[in-house]
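Structure representation (structure tokens):
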């Protein structure tokens, strides 16, 4: 049994498309440097439904220790330093999955 982590972001008013592209660029580096990631995806909401968050990140790992390693990894922390100033709201959940 593995763990799926989902984080949802709602941006502050005035966040530009270039800032969102930078978020994507920094997140895109993580699978290459964090060995614990078994699956990783992210992207902006497609605007199909109303009331959705603006952006989502999905990370799959094998164990709780792997999740904590991902969470604490210096490159993940650097990505969060780019993301946090843009956030109006964040929601997250972790649940069990078959890997």
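Residue numbers (the numbering used here): 60 to 158.
Backbone N, C-alpha and C fix where the C-beta goes; we use that ideal spot for every residue, glycine too.
In this text, all values refer to a predicted model and were calculated from it rather than measured experimentally.
Cβ of residue i within 8 Å of Cβ of residue j?
i: residue 126; j: residue 68; result: no
i: residue 63; j: residue 156; result: yes
i: residue 134; j: residue 93; result: yes
i: residue 116; j: residue 147; result: no
i: residue 79; j: residue 141; result: no
Looking at the secondary structure, which residues open and close the alpha helix (DSSP H) in which residue i lies?
i: residue 84; result: 76–87
i: residue 135; result: 133–142
Using DSSP bridges, identify the partner residues of residue i.
i: residue 93; result: Beta-bridge pairing links residue 93 to no other residue.
Indicate the three-state DSSP secondary structure (helix, strand or coil) for residue i in the structure shown.
i: residue 125; result: helix
Comparing alpha-carbon positions, which option in the options lies nearest residue i?
i: residue 100; options: 112, 93, 87 and 142; result: 87
i: residue 119; options: 74, 98 and 85; result: 98
Mind checking which residues open and close the beta strand (DSSP E) that includes residue i?
i: residue 103; result: 98–103
i: residue 113; result: Per DSSP, residue 113 belongs to no beta strand (DSSP E) and is neither H nor E.
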